[in-house]
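Numbering (my numbering), first residue to last: 1 to 225.
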């Protein structure tokens, strides 16, 4: 069965100043249930590209459609709708320090209007899955970096997203914690059918899952076979 295209980019230009695009004339597609790595040297535009995929960066040229939404001039309600279907994992976790672990995981469900009962039930399942049920009432700064990233992964999964975007999710972690995060991302893709897009400097060895690699160099994006 042919998989539906959920990201379609045609000759796009992205950057922070219109006259100084970081991504230039780039075209690519991402389909449902795919696992895609985005690689490239530092400063090549990996994070820039990822930001565009959740509507955090203006499109300067070309055509970019994400989950059926035209990102050329999206309305605010369209960006809100887009983010209801996307989970995001950051290198620096971005957990709310004044909220405990349980409430941090609940955040996207609260935003999406889930009932308290569903929030609690889903959070309980996810904390059990990432083996942090015993730290539900702890606060982020009471956790190790690896534990914080596991909480961030649970938060990204909480609202049953169509796609997860992860920006260097293991960049600050030791080898053991990194392996846990990679396994969670792999499980999200293989077991739940979630499309996963990961920016990383280093693709893990012996990955063992079918994936694609998009490489960015000098503003151009091309697929590594």
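Where a beta carbon is used, it is the ideal one built from N, C-alpha and C, also for glycine.
Go to residue 52, then tell me how far its alpha helix (DSSP H) extends in each direction, as first and last residue. Translated into the one-based positions of the chain shown, residue 52 becomes position 52. Run containing residue 52: 46-53, per the alpha helix (DSSP H) assignment.
With a cut-off of 8 Å, do at least 3 Cβ pairs link the stretch 149-156 to the stretch 176-195? By the Cβ test, the stretch 149-156 is in contact with the stretch 176-195, since at least three Cβ pairs between them sit closer than 8 Å.
Our contact map puts residue 174 next to residue 91 with C-beta atoms below 8 Å; I'd like the distance itself, whole angstroms only. As a first step, residue 174 is located in the chain shown; it is residue number 174 there, counting from the start. As a first step, residue 91 is located in the chain shown; it is residue number 91 there, counting from the start. At roughly 14 Å, the Cβ-Cβ gap does not stay under 8 Å, so residue 174 and residue 91 are not in contact.
Nearest candidate by alpha-carbon position, reference residue 83, set 140, 158, 43, 124: The residue labelled residue 83 in the question sits at position 83 within the chain shown. When each option's Cα is compared against that of residue 83, the closest is 158.
Excluding sequence positions up to five away, which residues of its chain have a Cβ less than 8 Å from the Cβ of residue 222? Here residue 222 is taken as the residue at index 222 of the chain shown, counted from 1. In chain order, 214, 215 place their CB closer than 8 Å to the CB of residue 222, counting only its own chain and leaving out the 5 sequence neighbours on each side.
Would you call the stretch 54-68 in contact with the stretch 133-142, where contact means no fewer than 3 C-beta pairs closer than 8 Å? Result no; under three Cβ-Cβ pairs closer than 8 Å.
Are residue 93 and residue 29 touching if we call contact CB-CB under 8 Å? As a first step, residue 93 must be located in the chain shown, where it is residue number 93. As a first step, residue 29 must be located in the chain shown, where it is residue number 29. In this structure, residue 29 does not lie closer than 8 Å to residue 93 by Cβ.
Alpha carbon to alpha carbon, how far is residue 212 from residue 120? Counting from one through the chain shown, the residue named residue 212 turns up at place 212. Counting from one through the chain shown, the residue named residue 120 turns up at place 120. Going from the Cα of residue 212 to the Cα of residue 120 covers about 35 Å.
Through-space distance from residue 170 to residue 226, alpha-carbon basis: The requested residue 226 does not occur in the structure, where the chain is confined to residues 1 to 225.
Taking all protein chains shown into account, decide if residue 225 is buried (16 or more other Cβ within 10 angstroms of its Cβ) or exposed. Taking the first residue of the chain shown as position 1, residue 225 is located at position 225. Its Cβ having fewer than 16 others within 10 Å, residue 225 is exposed.
Simplified DSSP assignment, three categories, for residue 130: Here residue 130 refers to the residue found at position 130 when the chain shown is read from its first residue. Three-state result, residue 130: coil.
Residue 220: first and last residue of the uninterrupted beta strand (DSSP E) it sits in: The residue labelled residue 220 in the question sits at position 220 within the chain shown. That run of the beta strand (DSSP E) goes 220-224.
Cβ-Cβ separation, residue 22 to residue 219 (assumed contact under 8 Å), whole Å: Your numbering for residue 219 matches position 219 in the chain shown. Your numbering for residue 22 matches position 22 in the chain shown. Residue 219 to residue 22, Cβ: 6 Å. Contact.
Within a Cβ cutoff of 6 Å, which residues of the same chain sit near residue 45, ignoring the five residues on either side of it in sequence? To locate residue 45, count along the chain shown from 1; it is residue 45. Shown here for residue 45: same chain residues with a beta carbon closer than 6 Å to its own, the five before and five after excluded, namely 22, 23, 216 in chain order.
Sort 127, 87, 53, 101 by Cα distance to residue 112 and report the nearest one. Residue mapping note: residue 112 aligns to position 112 of the chain shown, counting from 1. The candidate whose alpha carbon is nearest that of residue 112 is 87.
Through-space distance from residue 14 to residue 73, alpha-carbon basis: Position 73 of the chain shown holds residue 73. Position 14 of the chain shown holds residue 14. One alpha carbon belongs to residue 73, the other to residue 14, and they sit about 14 Å apart.
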